[in-house]
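Working notes, structure below.
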DNA sequence: TTAATACTTCGGTTAGCATCGAACTATGAA
DNA sequence: TTCATAGTTCGATGCTAACCGAAGTATTAA
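Protein chains in written order, with our numbering: chain A, 42 to 268; chain B, 42 to 268.
Encoded structure:
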């Protein structure tokens with residue numbers, strides 16, 4: 042019964058449309074200012090300010106001052122994971138009758154999900170790695186194989202450093218747009234970092250869209266084929 | 042922006058105290074009648090009925106009629122996972138002053154998490170195995186040692202068969218009730234199977250609670266000590 | 001048929017909270 | 001200092017939704 046109260050407290054924070062829009066915007070991983078979030082949520086500054094205070098008090102956001110700006114970001118990975126899991130449920134039960142506009146198309150193709158690659162490109166990568174036995178999948182659980190560790194090391198990732206961190210190396214994450222799993226965890230984040238470092242892709246400013254460069258797209262697809 | 046709306050829709054369903062209490066009660070895995078859930082939520086039948094309709098429409102619950110009863114249960118695995126993840130956030134953020142009721146106590150003590158043992162008993166077992174060097178823990182990653190393989194073989198598990206499967210043999214899984222790791226993967230599942238085969242424990246019907254038999258409890262604790 | 005149980009629907013009340021404008025605080029620039 | 005930008009606090013308003021009692025439907029029991 043007290044469990045229900047805790048549940049309700051957190052969920053009701055997410056359950057308001059204005060706040061939910063702010064949280065969704067922050068799932069891109071970037072920290073945003075109060076004004077930007079107000080715009081994103083479609084409310085005035087005072088309203089946004091009140092919501093942001095609630096979210097921060099509730100432990101869902103953390104705030105850092107920088108000059109006269111206040112940057113808000115998701116508090117931690119656990120919060121991001123919770124939001125993804127709610128989105129996952131929303132995607133499976135939702136009406137799903139939205140015809141995607143041009144911008145949505147880009148989102149469906151490749152976007153950032155907290156800090157790793159999601160969308161069709163993310164799903165394709167996940168499938169390719171599984172196919173080749175670089176990752177082992179057991180329902181919800183994903184683990185890195187020895188064979189995979191070798192490949193990712195060659196690709197420029199520091200697997201040992203990842204293993205030392207508290208964050209899971211491998212995780213699957215359900216994609217709301219395609220309803221398929223993609224690669225999360227520090228491995229997923231590391232791969233996206235590498236793509237950007239190699240100039241295969243870049244983040245679109247103030248958006249969750251990931252744009253592949255033409256040579257990057259080719260290299261990415263080649264990697265999937267040869268994998 | 043559409044993402045935020047979906048998010049809010051689902052979260053607001055969970056965000057009402059009465060509904061959250063119902064959902065929490067249903068996390069036990071058992072299907073409950075409308076009257077039972079009304080009692081659980083502390084509201085009258087009409088109010089409960091209205092809430093249950095919303096939850097069912099929203100895709101969070103599924104209902105089956107049986108005579109003049111209507112049994113409600115969580116819609117699927119994904120919904121249960123979402124609730125767990127919200128509880129996880131609530132636990133890290135929340136005041137942590139919950140006095141668990143008798144039923145919650147059983148859940149905290151020993152319950153099933155997918156297919157392996159969780160709760161205090163699961164954590165104790167995990168710690169004991171780690172202590173003795175049967176499993177090696179490197180932050181998130183857990184691996185089976187040679188010494189451990191010998192022990193588990195003697196206990197009746199087919200380690201070689203587990204290694205052949207794609208599923209990771211060893212995994213750790215974070216427990217929301219105690220916030221400590223316990224043993225997942227095929228080894229975790231195998232151990233629980235053995236406990237049940239040995240009649241040390243059994244699953245409570247329509248629930249996630251695991252009940253140890255008195256001799257089973259003694260044998261389990263002896264195993265932990267001698268391990 | 002009658003009665004009882006299990007649950008839903010309807011209607012009206014109430015309380016909470018999201019919202020905004022206006023005024024206030026704080027940081028930075030001229 | 002003065003002005004501008006960024007954000008918060010306050011007070012009033014209005015809408016939503018949770019709630020219950022009473023009446024209605026459905027299923028089983030006698």
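Ideal Cβ placement from N, Cα and C applies to all residues, glycine included.
Next on the checklist: Is residue 82 of chain B close to chain A? Criterion is C-beta to C-beta, closer than 9 Å.
Outcome noted: In the second chain, counting from the first residue as 1, residue 82 of chain B sits at position 41. So, interface residue.
Checklist entry - For residue 53 of chain A, does the count of other Cβ atoms within 10 angstroms reach 16, so buried, or fall short, so exposed? => result The residue you call residue 53 of chain A lines up with position 12 of the first chain. Buried, because 16 or more other Cβ atoms sit within 10 Å of the Cβ of residue 53 of chain A.
Checklist entry - Applying a beta-carbon distance threshold of less than 9 Å, which residues of chain A neighbour residue 153 of chain B? => result Here residue 153 of chain B corresponds to residue number 112 of the second chain, with the count starting at 1. Residues of chain A passing the Cβ test: none, with the nearest at roughly 14 Å.
Next on the checklist: Does residue 186 of chain A come out as helix, strand or coil in the three-state DSSP assignment?
Outcome noted: Position 145 of the first chain holds residue 186 of chain A. Coil, per DSSP.
Checklist entry - In chain A, which residues lie less than 7 Å from residue 127 of chain B when you measure between Cβ atoms? => result Sequence index remark: in the second chain, residue 127 of chain B carries index 86 (1-based). Ordered by position in chain A, the residues that pass the 7 Å Cβ test against residue 127 of chain B are 48, 51, 52, 123.
Next on the checklist: So, with DSSP's three-state summary, where would you put residue 68 of chain A?
Outcome noted: Within the first chain, residue 68 of chain A is the residue found at index 27, counting from 1. Coil, per DSSP.
Checklist entry - According to DSSP, is residue 46 of chain A helix, strand or coil? => result Along the first chain, read from residue 1 onward, the residue named residue 46 of chain A stands at position 5. In this structure, residue 46 of chain A counts as helix in the three-state DSSP scheme.
Checklist entry - Is it true that the CB of residue 265 of chain A sits closer than 9 Å to the CB of residue 161 of chain A? => result What you label residue 161 of chain A is simply residue 120 of the first chain in a count that begins at 1. What you label residue 265 of chain A is simply residue 224 of the first chain in a count that begins at 1. Result no, Cβ atoms of residue 161 of chain A and residue 265 of chain A do not sit closer than 9 Å.
Next on the checklist: Give me the chain A residues within the contact set of residue 171 of chain B, using Cβ-Cβ distance strictly less than 8 Å, ordered along the chain.
Outcome noted: For the purposes of this step, residue 171 of chain B is taken as the residue at position 130 of the second chain. Going along chain A, no residue has its Cβ under 8 Å from residue 171 of chain B, so there is no contact; the nearest lies around 16 Å.
Next on the checklist: Below 8 Å on C-beta distance, what does residue 65 of chain B contact in chain A?
Outcome noted: Working through the second chain from its first residue, we reach residue 65 of chain B at position 24. Simply 42, 44, 45, 48.
Item to check | residue 69 of chain A beta carbon less than 9 Å from that of residue 157 of chain A | outcome: On the first chain, position 116 is the one that residue 157 of chain A refers to. On the first chain, position 28 is the one that residue 69 of chain A refers to. No, Cβ-Cβ distance for residue 157 of chain A and residue 69 of chain A is not below 9 Å.
Next on the checklist: Is it buried or exposed, residue 45 of chain A, if we count other Cβ atoms within 10 angstroms and call 16 or more buried?
Outcome noted: By one-based count along the first chain, residue 45 of chain A stands at place 4. Burial call: buried.
Next on the checklist: As a quick exercise: from B/108, B/78, B/107, pick the residue whose alpha carbon is nearest that of residue 94 of chain B.
Outcome noted: Working through the second chain from its first residue, we reach residue 94 of chain B at position 53. Nearest of B/108, B/78, B/107 to residue 94 of chain B, Cα basis: B/78.
Checklist entry - Does residue 133 of chain B come within less than 9 Å of chain A when only Cβ atoms are used? => result Stepping through the second chain from its first residue, residue 133 of chain B is reached at position 92. So, interface residue.
Checklist entry - Quick one: Cα of residue 73 of chain A to Cα of residue 259 of chain A, how far? => result Taking the first residue of the first chain as position 1, residue 73 of chain A is located at position 32. Taking the first residue of the first chain as position 1, residue 259 of chain A is located at position 218. Using only the alpha carbons, I get a separation of about 33 Å.
Checklist entry - Is residue 171 of chain A helix, strand or coil when you go by DSSP? => result Looking up residue 171 of chain A in the first chain gives position 130. Correct three-state label for residue 171 of chain A: helix.
Next on the checklist: Excluding the 5 residues flanking residue 209 of chain B on each side, which residues of the same chain have their C-beta closer than 6 Å to its C-beta?
Outcome noted: Looking up residue 209 of chain B in the second chain gives position 168. Hits under 6 Å: 226.
Item to check | Interface partners of residue 57 of chain B on chain A, CB under 9 Å | outcome: Taking the first residue of the second chain as 1, we reach residue 57 of chain B at position 16. Near residue 57 of chain B (Cβ distances below 9 Å), the residues of chain A are 49, 52, 53, 56.
Checklist entry - Counting pairs of Cβ atoms below 8 Å between the stretch 120–135 of chain B and the stretch 113–122 of chain A, do you hit three or more? => result yes
Checklist entry - In or out: residue 261 of chain A buried (at least 16 other Cβ within 10 Å) or exposed? => result Stepping through the first chain from its first residue, residue 261 of chain A is reached at position 220. Classification of residue 261 of chain A: buried, given that the 10 Å Cβ count is 16 or more.
Checklist entry - Mind listing which residues of the stretch 78–111 of chain B have their C-beta closer than 9 Å to chain A's C-betas, in chain order? => result 81, 82, 83, 99, 100, 101
Checklist entry - Does any CB atom of chain A fall closer than 9 Å to the CB of residue 116 of chain B? => result Along the second chain, one-based indexing puts residue 116 of chain B at 75. Yes, residue 116 of chain B counts as interfacial toward chain A.
Next on the checklist: Within the continuous alpha helix (DSSP H) that includes residue 261 of chain B, where are the two ends?
Outcome noted: The sequence position of residue 261 of chain B within the second chain is 220, counting from 1. Start and end: 255–267.
Checklist entry - So is residue 57 of chain B buried or exposed if we call it buried at 16+ other beta carbons inside 10 Å? => result Residue mapping note: residue 57 of chain B aligns to position 16 of the second chain, counting from 1. Classification of residue 57 of chain B: buried, given that the 10 Å Cβ count is 16 or more.
Checklist entry - First and last residue of the beta strand (DSSP E) that includes residue 158 of chain A? => result By one-based count along the first chain, residue 158 of chain A stands at place 117. First-last of the beta strand (DSSP E) with residue 158 of chain A: 157–159.
Checklist entry - Three-state secondary structure (DSSP) at residue 140 of chain A? => result As a first step, residue 140 of chain A is located in the first chain; it is residue number 99 there, counting from the start. Because residue 140 of chain A carries a pLDDT of 39, less than 50, the predicted location of this residue cannot be relied on, and no value is offered for it.
Item to check | Per-residue DSSP class, three states only, for residue 177 of chain A | outcome: Taking the first chain and counting its residues from 1, the one referred to as residue 177 of chain A is at position 136. Correct three-state label for residue 177 of chain A: strand.
Item to check | Option in B/60, B/96, B/176 with minimal Cα separation from residue 80 of chain B | outcome: Residue mapping note: residue 80 of chain B aligns to position 39 of the second chain, counting from 1. Nearest option by C-alpha distance: B/60.
Next on the checklist: Which residues in chain B have a C-beta closer than 9 Å to the C-beta of residue 250 of chain A? List them in chain order.
Outcome noted: Position 209 of the first chain, counted from the first residue, corresponds to residue 250 of chain A. The contacting residues do not exist; residue 250 of chain A stays about 13 Å from chain B at best.
Item to check | Residues that residue 104 of chain A bridges to, as DSSP identifies them | outcome: Along the first chain, read from residue 1 onward, the residue named residue 104 of chain A stands at position 63. A/113, per the DSSP bridge assignment.
Item to check | Rounded straight-line distance, which links the Cα of residue 88 of chain B to that of residue 64 of chain B | outcome: On the second chain, position 23 is the one that residue 64 of chain B refers to. On the second chain, position 47 is the one that residue 88 of chain B refers to. Taking the straight line from one Cα to the other gives about 15 Å.
Next on the checklist: On the CB-based measure, 16 or more other CB atoms within 10 Å of its CB, does residue 195 of chain B come out buried or exposed?
Outcome noted: Counting from 1 along the second chain, the entry for residue 195 of chain B is found at position 154. It is exposed - the Cβ of residue 195 of chain B has fewer than 16 other Cβ atoms within 10 Å.
Checklist entry - Is residue 134 of chain B helix, strand or coil when you go by DSSP? => result To locate residue 134 of chain B, count along the second chain from 1; it is residue 93. Three-state result, residue 134 of chain B: helix.
Checklist entry - Is the beta carbon of residue 197 of chain B less than 9 Å from the beta carbon of residue 239 of chain B? => result Taking the first residue of the second chain as position 1, residue 197 of chain B is located at position 156. Taking the first residue of the second chain as position 1, residue 239 of chain B is located at position 198. Their beta carbons are under 9 Å apart, which means residue 197 of chain B touches residue 239 of chain B by this criterion.
Item to check | Where residue 109 of chain A falls, given that 16 or more other Cβ within 10 Å makes a residue buried | outcome: As a working mapping, residue 109 of chain A is identified with position 68 in the first chain. With fewer than 16 other Cβ atoms within 10 Å, it is exposed.
Checklist entry - Under a three-way DSSP split, which group does residue 210 of chain A fall into? => result Looking up residue 210 of chain A in the first chain gives position 169. Looking at residue 210 of chain A - three-state DSSP - the assignment turns out to be coil, as it is neither helix nor strand.
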